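So for the sequence shown, full-length UniProt numbering puts the first residue at 1; every next one is plus one.
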Amino acid sequence: MLTNKTKFYFFLIFTTLIWGVNFHVSQIAIEHVGAMLAGTYRYILGALLLGAFMFFKKPTKKDIKQSLSKWKHIVFLGITGAFLYNILFLEGLKHTTAFNGVLIIGLTPLNTALISIPMLGHRLKRKEMISIALGFMGILFVISKGDLEVIRALSFSKGDLLILGANLSFSFGNVFIKKYLGHISPLWLTNLVTWVACFAFCIYSVGFETFVFPMDTDFLLAVFFMGALSTAICGAFWFISIKELGAETSTLFTNLVPVFGTTASFILGEEISIGQVFGGILVITALLINSIQWRKKKAIEAVSL
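Encoded structure:
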């Protein structure tokens, strides 16, 4: 029988496993429909389930009051940190491998630290600088597949650049939360941001997309995985665990996302070069170094969008 604490560690491992595998599942969805429709279906399902969860776990009056006073910031975050992120992420996966995608998105803690410099006045420490240098060196190997000519010519694939844009969008969202919305309950904030993204996807899709909803089993399972598991259930698990174990401990588990994602790539037989493997090792090493640095801090805010 699981103890109270053990249960929340299981939640974190399960959540990061789902987030890592989600890269591969998302590719299944976009084989059937475009990135916009895939995002729309994901967020409709995710928003409905999160809304149902919040119906039972009602926000405090303080959270409601604070979110109303910051509604412009929440809408901006929903558009830039969730809507834009998912467009770039899903469109990018159409043109690159899940292996590359999971490692590029894995740079989020490092890019968040860089964006914090101008926005929060954050000063990089030695271990952070080392981890950032290693991380970006690793990503160069990943997206160039170890081909130095590709690096010299800066001829990276469209998919890798879109995923990098998604990473920057998500990282910016993390810093934006710390600066403007850190006083609102993370679970309540995630629910609101998810609904903003849901409305944005629906409005765009109604205006510009041709409605298609394949009834193929693999597509239906992919949408369920993306919306119900990755967005709603894992979002709830994540913030429940943060509340019980603390943000500092919980955030360390995000390093498992690229580990699970790249492991899935090997299991599924993706074509991966030696250069990409070496780059992946550099990225994961950078994340581990960065985690050691973060553990010394008092608290870490983490919001999954």
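Positions of the beta carbon are idealized from the N, C-alpha and C atoms, including for glycine.
Please read these numbers as outputs of a predicted model, since none were measured by experiment.
Under 8 Å, with one C-beta from each stretch per pair, do the stretch 56-63 and the stretch 155-175 reach the 3-pair mark? Cβ pair count under 8 Å is below three, so no.
Beta-carbon contacts of Phe89 that lie in its chain and below 6 Å, excluding the five residues immediately before and after: Along the sequence shown, read from residue 1 onward, the residue named residue 89 stands at position 89. Correct list, in chain order: Ala166.
Measuring CA to CA, which of Asn4, Leu17 and Leu12 is closest to Gly261? As a position in the sequence shown, residue 261 is number 261, starting the count at 1. If we check each option's Cα against that of Gly261, Leu17 comes out closest.
Burial state of Thr97 (16 or more Cβ within 10 Å): In the sequence shown, residue 97 corresponds to position 97, counting from 1. Label assigned to Thr97: buried.
Selected residue, minimal CA-CA separation from Ile143, among Leu181, Phe99, Leu124 and Arg126: The residue labelled residue 143 in the question sits at position 143 within the sequence shown. Comparing C-alpha distances from Ile143 to each of Leu181, Phe99, Leu124 and Arg126 shows the shortest one belongs to Phe99.
Quick check on Thr6: buried or exposed, where buried means 16 or more other Cβ atoms within 10 Å of its Cβ? Position 6 of the sequence shown, counted from the first residue, corresponds to residue 6. Counting Cβ neighbours within 10 Å, Thr6 comes out exposed, since fewer than 16 surround it.
Output the residue ranges of the alpha helix (DSSP H) runs that lie fully inside the UniProt domain "EamA" (158-291) and measure 4 residues or longer, sorted by chain position. Along the length of the UniProt domain "EamA" (158-291), whole alpha helix (DSSP H) runs at least 4 residues long occupy 158-176, 186-208, 217-224, 234-245, 247-252 and 256-267, reported in chain order.
Classification of Asp218 by the beta-carbon crowding that lies within 10 angstroms, buried from 16 upward: For the purposes of this step, residue 218 is identified with residue 218 of the sequence shown, where counting begins at 1. Asp218 comes out exposed.
Would you call Asn290 buried or exposed, if buried means 16 or more other Cβ atoms sit within 10 Å of its Cβ? The count along the sequence shown starts at 1 and reaches residue 290 at position 290. Label assigned to Asn290: buried.
Roughly how many whole angstroms lie between the Cα atoms of Phe156 and Ile130? Here the question's residue 156 lines up with position 156 in the sequence shown. Here the question's residue 130 lines up with position 130 in the sequence shown. Across the structure, Phe156 and Ile130 are spaced so that their CA atoms are roughly 24 Å apart.
Based on Cα-Cα distance, which residue from Val33, Ala222 and Val75 lies nearest to Leu181? Your numbering for residue 181 matches position 181 in the sequence shown. Here the closest residue by C-alpha is Val75.
Find the nearest neighbour of Ile115 within the set Leu187, Ile177 and Asp63, judged by alpha-carbon distance. Walking along the sequence shown from the start, residue 115 turns up at place 115. Measuring from the Cα of Ile115, the nearest candidate turns out to be Ile177.
At the level of alpha carbons, what is the spacing between Ile79 and Lys158? On the sequence shown, position 79 is the one that residue 79 refers to. On the sequence shown, position 158 is the one that residue 158 refers to. Cα-Cα distance, rounded: 22 Å.
Touch check for the stretch 259-273 and the stretch 14-31: three-plus C-beta pairs under 8 Å? Yes, the stretch 259-273 is in contact with the stretch 14-31.
Between which two residues does the alpha helix (DSSP H) holding Thr108 run? The sequence position of residue 108 within the sequence shown is 108, counting from 1. Note, Thr108: alpha helix (DSSP H), Thr108 to Leu120.
Based on Cα-Cα distance, which residue from Asn86, Ile184 and Ile87 lies nearest to Thr60? Counting from 1 along the sequence shown, the entry for residue 60 is found at position 60. Ranking Asn86, Ile184 and Ile87 by CA distance to the CA of Thr60 puts Ile184 first.
Taking all protein chains shown into account, decide if Ala52 is buried (16 or more other Cβ within 10 angstroms of its Cβ) or exposed. Here residue 52 corresponds to residue number 52 of the sequence shown, with the count starting at 1. Within a 10 Å sphere around the beta-carbon of Ala52 sit fewer than 16 other beta-carbons, which makes this residue exposed.
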